[in-house]
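Okay, structure first, notes after.
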Amino acid sequence: MQQHVSVITLGIDDLPRSRRFYAEGFGWTPVFDNDEIVFYQMNGFILGTWLQHALEGDMQRSGLVRPGAFALAHNVGTKKEVQPLIDRLAAAGGDVLRPGDAPVHGGFRGYVADPDGHAWEIAWNPSFAMDEHGHITFGL
402 MQQHVSVITL GIDDLPRSRR FYAEGFGWTP VFDNDEIVFY QMNGFILGTW LQHALEGDMQ
462 RSGLVRPGAF ALAHNVGTKK EVQPLIDRLA AAGGDVLRPG DAPVHGGFRG YVADPDGHAW
522 EIAWNPSFAM DEHGHITFGL
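Residues in the sequence shown are numbered from 402 upward in steps of one, following the numbering used here.
Pasting the structure below:
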């Protein structure tokens, strides 16, 4: 079976607040939105932000625990891009969890939570080759 991810959907509480974080913070343009969901075309998959109650209804599950013990990552091309993006995301409603710093394994990273608490790692990693489309490949 092919290894790929098609769509990642995050449950959110407030659509305009979430849209501001992703549109103003990251600079992403929605490809679809309505009163419950916003889709962003990513590099090879779709990111959805869907009102929590509607997502729970679609899955026929209630009381989902969020945010989970996970982090999404947005890699950038240079170390110098990490902190300015963290600052821009904070200005767009995000919560800085960890300012940019150098982990022991190399590179440079920091963490920001979106307005619904979903953690985003903003990272530059010299072990991840990035092409012009933002696709990364692991390599040491």
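All C-beta atoms, glycine included, are put in the ideal place defined by N, C-alpha and C.
Ser407 counts as exposed, since fewer than 16 other beta carbons sit within 10 angstroms of its beta carbon. Within its own chain, the residues whose Cβ lies closer than 7 Å to the Cβ of Glu425, once the five positions on either side in sequence are excluded, are Ala493, listed in chain order. In this structure, Phe509 lies away from Trp521, with their beta-carbon atoms at least 8 Å apart. Ala474: not part of any alpha helix (DSSP H); member of the beta strand (DSSP E) spanning 472-476, first to last residue. Within the DSSP secondary-structure output, Trp429 pairs in no beta bridge. The three-state secondary structure of Glu457, taken from DSSP, is helix.
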